Amino acid sequence: MFDREGLRVREHELQNQIDSMLATLDRQTQDLHAAQQQVAQLRVSGASADGLVQVVVNSVGGVVDVHLAPDAFRRSTPESLGRAMTEAARRAGEAAHTESMRIMGSIVSATETLPDLPDLVPGAPSLRDFLPRLEPDVGGVPADREPDPDNPDDPRWNRPVLRDGWQ
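No gaps in the numbering here: position 30 of the sequence shown is 30 in the UniProt record's numbering, and each next residue is one more.
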């Protein structure tokens, strides 16, 4: 026989679950938009160890501003000043990456509490596959050593500011 009351109860429970999921999704969408705005406006600075240079970058490490100490040209050579600029830009880029990951990380990790599509529809693809990873995949490559401060020809002085940006 057909249990109409049991079916109504199950439909009501299912509707409540869907309503709850939609409310959570709406809240997380708003949180994601706010986080994206925060990352878009992010400005982070990094300074050289000698204090001659300060570089300001945006969330993806793009240089926004460079400040030189008033006596930078008297206290430094063009080569060492160039290294100081590279060092400051690298530090700022790393800080921007870290801060972007911190801001977006709370949003991405919040999705872990939501049911995924395969939980509701067996065999469906996971929506989590479309979310950004919190940690860049460097394929087991060790982190670069710092450039040799006494060797202006060290190729590590010319490496990119950000090797792994937010995708």
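Glycine included, each C-beta is placed from N, C-alpha and C at the ideal position. Everything numeric in this text was worked out from a predicted model, so none of it was measured.
Do ALA40 and SER59 have their C-beta atoms within less than 8 Å of each other? Looking up residue 40 in the sequence shown gives position 40. Looking up residue 59 in the sequence shown gives position 59. Contact flag set, yes.
Can ALA92 and ASP50 be called in contact, C-beta distance under 8 Å? Your numbering for residue 92 matches position 92 in the sequence shown. Your numbering for residue 50 matches position 50 in the sequence shown. Contact flag unset, no.
Take ALA95 as the anchor and find which of VAL55, LEU7, GLN28 and VAL66 has the nearest alpha-carbon. Residue 95 sits at position 95 when you count from the first residue of the sequence shown. It is VAL55 whose Cα lies nearest to the Cα of ALA95.
Around the C-beta of GLN62, are 16 or more other C-beta atoms found within 10 angstroms, so that it is buried, or is it exposed? Walking along the sequence shown from the start, residue 62 turns up at place 62. According to the sequence as given, residue 62 is Gly; it is not Gln. By the neighbour-count rule (16 or more Cβ atoms within 10 Å), GLY62 is not buried but exposed.
LEU42 beta carbon less than 8 Å from that of GLY100: Along the sequence shown, read from residue 1 onward, the residue named residue 100 stands at position 100. Along the sequence shown, read from residue 1 onward, the residue named residue 42 stands at position 42. Note that residue 100 is Ser in the sequence shown here, rather than Gly. For SER100 and LEU42, yes; Cβs fall inside 8 Å.
Strictly by DSSP, which residues pair up with GLY105? In the sequence shown, the residue the question calls residue 105 occupies position 105. According to DSSP, GLY105 bridges with nothing at all.
Distance CB(VAL53)-CB(VAL44) smaller than 8 Å: Along the sequence shown, one-based indexing puts residue 53 at 53. Along the sequence shown, one-based indexing puts residue 44 at 44. No, these two residues do not count as a Cβ contact at 8 Å.
Return the CA-CA distance between ALA72 and VAL64, expressed in angstroms with no decimal places. Position 72 of the sequence shown, counting from 1, holds the residue named residue 72. Position 64 of the sequence shown, counting from 1, holds the residue named residue 64. If I take the Cα positions, the gap works out to 20 Å.
With the cut-off set at 8 Å, would you say ALA109 and PRO118 are in Cβ contact? Taking the sequence shown and counting its residues from 1, one reaches residue 109 at position 109. Taking the sequence shown and counting its residues from 1, one reaches residue 118 at position 118. The residue you asked about is not Ala; residue 109 is Ser in the sequence shown. Against a cut-off of 8 Å, the Cβ pair of PRO118 and SER109 comes out as no contact.
4 or more residues per run - each alpha helix (DSSP H) lying fully within the region 3 to 63: 4 to 40
Span of the alpha helix (DSSP H) holding ALA69? Mapped onto the sequence shown, residue 69 falls at position 69. Here ALA69 belongs to no alpha helix (DSSP H), and DSSP marks it neither H nor E.
Verify whether the separation of the beta carbon atoms of ASP103 and GLN38 is less than 8 Å. Numbered from its first residue, the sequence shown carries residue 103 at position 103. Numbered from its first residue, the sequence shown carries residue 38 at position 38. According to the sequence as given, residue 103 is Ile; it is not Asp. Yes, the pair counts as a contact, with Cβ atoms nearer than the cut-off.
Please classify ALA89: does DSSP put it in a helix, a strand, or coil? Against the sequence shown, residue 89 aligns to sequence position 89. For ALA89, the secondary structure class from DSSP, reduced to helix, strand or coil, is helix.
Classification of GLY46 by the beta-carbon crowding that lies within 10 angstroms, buried from 16 upward: The residue labelled residue 46 in the question sits at position 46 within the sequence shown. Buried: at least 16 other Cβ atoms inside 10 Å.
Which of helix, strand or coil DSSP assigns to ALA95: Mapped onto the sequence shown, residue 95 falls at position 95. In the structure shown, ALA95 sits in a helix (DSSP, three-state: H, G or I).
Spatial neighbours of SER48 in its chain, beta-carbon cut-off 6 Å, leaving aside the 5 residues before and after: If you number the sequence shown from 1, residue 48 lands on position 48. Counting only Cβ-Cβ distances below 6 Å, and skipping sequence neighbours, we find ALA84, GLU87 and ALA88.
On the criterion of 16 or more Cβ atoms from any shown chain inside 10 Å, does ARG4 qualify as buried, or is it exposed? Along the sequence shown, read from residue 1 onward, the residue named residue 4 stands at position 4. Exposed, since its Cβ has fewer than 16 Cβ neighbours within 10 Å.
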